[in-house]
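Before any comments, here is the structure.
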Amino acid sequence: MNLFKSRRLAMATMAATLLAAAGSTLAQSWPDRPLRLVVPLAAGSGADLVARLYAEQLSTALGQPVVIDNKPGASGAIGSEFVARAPADGYTLLLASVSTHGSNPGMFKKLPYDPVRNFEAVSLLGSFPLIIVSNPALGANSVQDLVAYARANPGKMTFAYGTGSAQVLAELFRKIAGTDVLLVPYKSNPLALNAVVAGESHAMAIDPGAGLPLIAAGRVRGHAVTTAVRSTVVPNLPTMVESGYPEYELYAWNALMAPAGTPTPILERLSREIRAIAAKPDFRQKLRTAGIDAQASTPAELRRFVETEIAKWTGHIKAAGMVPE
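Next comes the structure, spelled out in C-alpha cells:
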C-alpha cells in the first residue's frame with residue numbers, strides 16, 4: 005500500500021471512530037428535550053390515532069414530551085421527506101405507514117425520499133384491516149351489491165380515496181367490478197370519508213379508527229374487511245376473500261422510523277420502549293377497541309418487513325394496471 009492510500013485509510017478510520025464516539029455521547033444524554041413525531045397523514049386518520057396513543061406512552065417512558073406534528077399531503081410524501089432531511093439526532097421521528105413505506109415506491113416514478121436508504125427502522129406499531137363502506141342511501145348491503153351497482157351503472161359509481169394505499173384499493177375495486185368506476189381523489193382519507201357520508205361519493209376503503217364510529221352511528225354502511233381473516237372488532241363483517249374476491253387481501257400498518265444516521269443506541273432504546281408499551285394489556289385493548297392490533301419489532305425485523313411490503317404492494321399496483329405517476 006502506498007503512502008497516499010495509507011493516509012486515506014487512516015483518515016477514514018479516524019472519521020468513523022469520531023462519528024461513532026459522537027453518536028455514543030449523544031445517545032447517553034438523549035433525550036434532554038421534547039421529541040417531534042411527524043405524522044404524514046391528516047389528523048383524524050387511523051395513523052394519527054396510532055401516533056397519539058403511542059406518543060402519550062412514549063412521553064412517560066422517555067421523560068420528555070412527544071409532540072405530534074401532522075404534515076399531510078402527496079400520500080405521505082411531504083411529511084416523509086421532511087423527516088428524511090431532519091437532523092439524525094433522535095428528536096425528529098416519522099410515523100411511517102403502508103402508503104409511505106409500502107405503496108408509494110410503486111406508485112410514483114420519483115419520490116422525494118427513499119423509504120429504505122433515507123430512514124433507520126425502529127419498530128412496528130400496529131396493523132389493521134381496511135373496511136369497504138358506502139353511503140346508506142345507495143342501498144347496498146354487501147360488496148356484491150356494490151359490484152352489481154357498478155355494473156348496472158357504468159361510469160356513474162364513485163369510489164373515493166385519500167392516500168396512495170387507498171388508491172390501490174380503489175383501483176382494485178374497479179378491476180373486480182369489471183366496469184368503469186369513477187375514482188375520486190381527496191387530500192386525505194378523512195376528507196374522502198366525509199364525502200361518502202355526505203353522499204358526494206358512493207364508497208371507499210377506510211381504516212377502522214375513522215370508520216367504526218360512523219358505521220356504529222349508521223352514517224356509513226360497512227360491507228367487508230380487507231384482511232384474510234375477520235376482524236375481532238367487527239366480526240359480523242365478512243372478508244373480501246369470503247365475499248369472493250381473493251385478490252383483495254391487503255391490510256394497513258404503521259411503524260416508527262428515524263432519519264438515516266440516527267445513532268444505534270437511540271434506535272435500540274426507542275425499539276425497547278415500543279415493545280414494552282405494545283406488551284401492556286390495557287394499551288393493547290385500547291388499540292383493539294379502535295380496530296388496531298398492537299405490534300412491535302426489532303429494527304432488523306422492521307427493515308425486512310418494509311422490503312417485503314414494498315415488493316408486495318408494487319405487485320398489487322401492477323396487477324391493478326396502475327402506471328406510476
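Residues 5 to 329 (the numbering used here) are what the sequence shown spells out, left to right.
Don't be surprised by glycine CBs; every beta carbon is placed ideally from N, CA and C.
These numbers come from a predicted model, not from an experiment.
Could you pull out every residue in the same chain whose Cβ sits closer than 6 Å to the Cβ of residue i, ignoring the five residues on either side in sequence?
i	result
L142	H206
L187	F163, A174
S235	P133, V229
Could you give the distance in angstroms between the alpha-carbon of residue i and the alpha-carbon of residue j?
i	j	result
L291	D297	6 Å
A47	A221	21 Å
N139	M326	26 Å
L41	W317	25 Å
I314	P328	14 Å
E85	V126	17 Å
R223	A196	14 Å
E124	P303	8 Å
Give the DSSP-derived three-state secondary structure of residue i in the structure shown.
i	result
G67	coil
W317	helix
F2	The first residue shown for the chain is 5 and the last is 329, placing residue 2 beyond what the model contains.
S101	strand
V201	helix
R225	strand
S79	helix
I296	coil
T243	strand
G48	coil
S235	coil
T312	helix
P91	coil
T266	coil
V185	coil
V147	helix
A323	helix
E305	helix
D286	helix
V120	coil
Y190	coil
Going by beta carbon distance, what residues of the same chain come within less than 8 Å of residue i, once the five residues before and after it are set aside?
i	result
A25	Only weak support exists for where A25 lies, its pLDDT of 48 falling under 50; the value from the coordinates is given anyway. Closer than 8 Å at the Cβ level, and outside the excluded window around A25, lies no residue.
I219	I135, V137, R225, G226, V238
N145	R225, H227
To which residues does DSSP link residue i through a beta bridge?
i	result
T96	R40
Take residue i and list the residues in its own chain whose beta-carbon comes closer than 7 Å to its own, dropping the five residues that flank it on each side.
i	result
L115	A81, N108, P109
A228	I136, V147, L241, P242, T243, M244, S247
Q299	L128, L129, G130, S131, A282
Checking contacts by CB at 9 Å: is residue i closer than that to chain B?
i	result
P116	Absent from the structure is chain B; it holds one protein chain and no more.
Report yes or no: do the segment 261 to 271 and the segment 93 to 113 share at least 3 C-beta pairs separated by less than 8 Å?
yes
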